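Chemist:
Numbering (full-length UniProt numbering), first residue to last: 1 to 318.
(1) Do you know how far the Cα of residue 248 is from the Cα of residue 58?
(2) At the level of alpha carbons, what is the spacing between residue 176 and residue 125?
(3) Can you give me the start and stop residues for the beta strand (DSSP E) that residue 255 sits inside?
(4) Exposed or buried, residue 104, counting other C-beta atoms within 10 Å across all chains shown (16 or more means buried)?
(5) What do you get for residue 32, buried or exposed, if any count of 16 or more other CB atoms within 10 angstroms of its CB means buried?
(6) For residue 113 versus residue 37, is the C-beta spacing smaller than 7 Å?
(7) So, at 7 Å on beta carbons, what are the nonlocal neighbours of residue 280 in its own chain, with the 5 sequence-adjacent residues on each side left out?
(8) Going by beta-carbon coordinates alone, are residue 54 and residue 121 separated by less than 7 Å?
(9) Secondary structure at residue 106, three-state DSSP: helix, strand or coil?
(10) Only counting the same chain, and skipping five residues up and downstream in sequence, which positions put a Cβ closer than 7 Å to that of residue 297?
(11) Assign residue 169 to one of two classes, buried (16 or more other C-beta atoms within 10 Å of its C-beta) or exposed (fewer than that).
(12) Where does residue 19 land, buried or exposed, given buried means 16+ other C-beta within 10 angstroms?
(13) How should residue 200 be labelled, buried or exposed, when 16 other C-beta atoms within 10 angstroms of its C-beta is the threshold for buried?
(14) Candidates 253, 186, 123: which alpha carbon is nearest residue 229's?
(15) What is the rounded straight-line gap between the Cα of residue 147 and the Cα of residue 276?
(16) Shortest alpha-carbon distance to residue 258 belongs to which of 271, 139, 190, 167?
(17) Among residues of its own chain, excluding the 5 on either side of residue 291, which ones have a beta-carbon nearer than 7 Å to its beta-carbon?
(18) Verify whether the separation of the beta carbon atoms of residue 23 and residue 266 is less than 7 Å.
(19) From the DSSP secondary-structure annotation, give me the bridge partner or partners of residue 32.
(20) Closest by CA to residue 167, which one among 35, 128, 107?
(21) Check each candidate in 295, 97, 43 and name the one with the smallest Cα separation from residue 62.
(22) Which class does residue 54 belong to by DSSP, given the choice of helix, strand or coil?
(23) Where residue 205 and residue 232 are concerned, what is the direct C-alpha to C-alpha distance, given to the nearest angstrom?
(24) So what does DSSP say about residue 200, is it helix, strand or coil?
(25) Identify, in the order they occur along the chain, each residue of the same chain with its Cβ nearer than 6 Å to the Cβ of residue 304, setting aside the five sequence neighbours on each side.
(26) Please work out which residues of its chain come closer than 8 Å, Cβ to Cβ, to residue 355, disregarding the five sequence neighbours upstream and downstream, and give them in chain order.
(27) Taking its Cβ as the centre, do 16 or more other Cβ atoms sit within 10 Å of residue 145, making it buried, or is it exposed?
(28) Return the Cβ separation of residue 164 and residue 153 in integer angstroms, given the expectation that the two are a contact with Cβ distance under 8 Å.
(29) Relative to the C-alpha of residue 127, which candidate in 25, 51, 41 has its C-alpha closest?
(30) Suppose you measure from the CA of residue 15 to the CA of residue 190; what does that come to, to the nearest Å?
(31) Quick one, which of 212, 66, 156 has its alpha-carbon nearest residue 45's?
(32) Can you list, in chain order, the residues of its chain with a C-beta nearer than 7 Å to that of residue 73? Leave out the 5 residues immediately preceding and following it.
(33) For residue 70, which residues of its own chain have a beta-carbon under 6 Å away from its beta-carbon, when the five flanking residues on both sides are left out?
(34) What is the DSSP secondary structure of residue 164, reduced to helix, strand or coil?
Have a look at this one:
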C-alpha cells in the first residue's frame, strides 16, 4: 500500500482511513461457517486475533469483554479489531456450565449445540491477524467494536472471503489480504453515521477536522503546526485545538508525531533506506533528531527495531 508520488518521495495513500488499514497489514487466519441449533454457547478467552462475523440466518447474543452485550440478527455484521475474550450464545442462553466449543463437521463448517433440530443461527465467522509491529497504537484510533445492520456490501465481502479461503486458486493469499483490507475499510466507513468514541473515525466524521487529518496523512514529511492545521480546518487555533482533542483523544501535534512514527516503522520494516532518508520522509531535519524521537516513542533505536523485526520475520518464515 506504499505508492510512488510525483518526484522521488514514496508515501502512504493520503486517505487517513486507508493508510491506517494499510499499516495494520491485515492477514487471513480462519474463515468458517458456523451452524447452531437449540440453546448453545461458545466462549473464548485470551483471543489475540481480530474477529468478525456476518449473521446469515437467525439470531445470536454476543458479549465482548468491556463492551455492552449486542443481539445480532440476520443481516448484521460485527467486527472487533482488538479482541480479548467473548461469549456468543443463542438468544436464550443455555444453563450455566454447558459451554462447549464448536464441533467441526466438515471443511470450514462448525456446529454449535445439538446435532438435530431446526437451525437457530447460521453465520460466517472469521479471524485475522495484523502484521504491524505497532498495531496496539493504530488500533487505539479505531472503535473497539463495530456493529452494522443491513449492509449488503459487507455481507458480500465476508462471503467472498469464506469462498476464497476454501478454494485452492492461484494468488489466493494476495486476494484474501486485499479482501480483508476492503472489508475493514468498508466496516469502518459504514460506522461513521453512528455514535463514535474518540478516535480517527470520530475525527473524519467532522468535515473541518477531516481536512486537517488529510493534511497530516498526506504529507508526513511537511512542516506541521497547530496554526497551519487550524487554517486547513477553517477554525481559530484555540477552537481547532479543543475540537481536535475532543474528537481524537489527543492533541493535533501528538497525533502528527504518532502518525510519523507509524510511517517510519513501516519504512524500517521494508528496509533499504538509511535513517537520514527515513528522517526526511517523516518530517525530521536530521537522522539524529529522528533517532531521538524514535527512542522516546519506542524505547529503542531505529537500528535495534529493524534488527528485532528482521529476526521476528525470519523466525516466522522458518
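Every residue, glycine too, gets a C-beta built ideally from N, C-alpha and C. Remember, it's a predicted structure, so these values are computed and weren't measured experimentally.
Modeler: In terms of the structure at hand:
(1) If I take the Cα positions, the gap works out to 37 Å.
(2) Spanning the two alpha carbons is a distance of roughly 15 Å.
(3) Counting along the chain, no beta strand (DSSP E) covers residue 255; the unbroken alpha helix (DSSP H) around it starts and ends at 252-270.
(4) It counts as exposed.
(5) So residue 32 ends up on the buried side.
(6) Going by C-beta atoms, residue 113 is nearer than 7 Å to residue 37.
(7) Taken in chain order, the residues that qualify are 221.
(8) Against a cut-off of 7 Å, the Cβ pair of residue 121 and residue 54 comes out as no contact.
(9) Secondary structure of residue 106 (DSSP, three-state): strand.
(10) Excluding sequence positions up to five before and after residue 297, its CB lies within less than 7 Å of the CB of 261, all in the same chain and listed in chain order.
(11) Of the other Cβ atoms in all chains shown, fewer than 16 fall within 10 Å of the Cβ of residue 169; this residue is therefore exposed.
(12) With 16 or more other Cβ atoms within 10 Å, it is buried.
(13) By the neighbour-count rule (16 or more Cβ atoms within 10 Å), residue 200 is buried.
(14) By alpha-carbon distance to residue 229, the top candidate from 253, 186, 123 is 253.
(15) Looking at the two C-alpha atoms, the distance is approximately 43 Å.
(16) Nearest Cα to residue 258 within the set 271, 139, 190, 167: 139.
(17) Closer than 7 Å at the Cβ level, and outside the excluded window around residue 291, lie 275, 301, 302.
(18) Going by C-beta atoms, residue 23 is nearer than 7 Å to residue 266.
(19) Note: residue 32 sits in a beta bridge opposite 125.
(20) With distances taken between Cα atoms, residue 167 lies closest to 107.
(21) Of the candidates 295, 97, 43, the one whose C-alpha sits nearest the C-alpha of residue 62 is 43.
(22) Here residue 54 sits in strand by DSSP.
(23) Each residue's Cα considered, the two are about 16 Å apart.
(24) Residue 200 falls in the helix class under three-state DSSP.
(25) Answer for residue 304: no residue qualifies.
(26) Outside the modelled stretch of the chain, which goes from 1 to 318, sits residue 355, for which no answer is possible.
(27) Flag for residue 145 reads buried.
(28) Wrong, their Cβ atoms sit about 16 Å apart, outside the cutoff.
(29) Comparing Cα-Cα distances from residue 127 to each of 25, 51, 41, the minimum goes to 51.
(30) Distance from the CA of residue 15 to the CA of residue 190, rounded to the nearest whole angstrom, comes to 16 Å.
(31) Cα-wise, what sits closest to residue 45 is 66.
(32) In the same chain as residue 73, and ignoring 5 residues on each side of it, the C-beta atoms closer than 7 Å to its own belong to 55, 59, in chain order.
(33) Closer than 6 Å at the Cβ level, and outside the excluded window around residue 70, lie 62, 147.
(34) The answer is helix: DSSP assigns residue 164 an H, G or I state.
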